[in-house]
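All the letters of the sequence shown, read from the start, carry residue numbers -1 to 152 under this note's numbering. We treat Cβ as the ideally placed atom computed from N, Cα and C, and that holds for glycine. Note that this is a predicted model, so its numbers are computed, not measured.
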Amino acid sequence: MRAGHATNYASPPTTMDPSLRIVPASGVKSASVKDTANSLGLHDTLQYGPRSIAAEIKTEGGLRERLENWEETQDNLKLTLQRNLHGMHAPMRLLMERKIVSANPHMPGMPRSNLHLDILMGRDEMIEPVDIFGGMETTPPQDIHREMEKKLRM
């Protein structure tokens, strides 16, 4: 299971996009000179400001953005399929349960585990490197009293 697993979600997604998209959308579209051109085909400096070549050049491909949004898109697809199959109450209930269990109070200095959220997100049967090679959260606490004082701002 996920005894010392710290998820990469700061908080679970609380909204859903009603699309059946399997793969994340391509990256953010950037403005180009064509978008800021006037009727003569020239960049309109007075309306759009000085032309910036750095804004026109895209140094990264869309693959990185798609990989970063992969889990969110898959979760969105599952929620949309639940809505279409069972009605609006099923994804709403799941989103509310995720929000409730994401506020997991824990003792500072102790390993943080949110097994409830992992089960609701469908990650309870996955094994990741964090599960085997635990990070700083699996080390024993240095001083529990100092950690509590820091948490309570004493």
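Item: Enclosing alpha helix (DSSP H) for Arg19 [first to last residue]; Value: Where Arg19 is concerned, there is no enclosing alpha helix (DSSP H), given that its DSSP letter is neither H nor E.
Item: Proximity below 9 Å, CB of Pro16 to CB of Glu63; Value: no
Item: Opening and closing residue of the alpha helix (DSSP H) in which Ala88 lies; Value: 87 to 100
Item: Same chain only: Cβ atoms within 6 Å of Val99, ignoring 5 sequence neighbours per side; Value: His114, Leu115
Item: Contact set for Asp141: own chain, Cβ-Cβ below 7 Å, skip 5 residues either direction; Value: none
Item: Proximity to Met119 [Cα-Cα], best of His84, His143, Lys76; Value: Lys76
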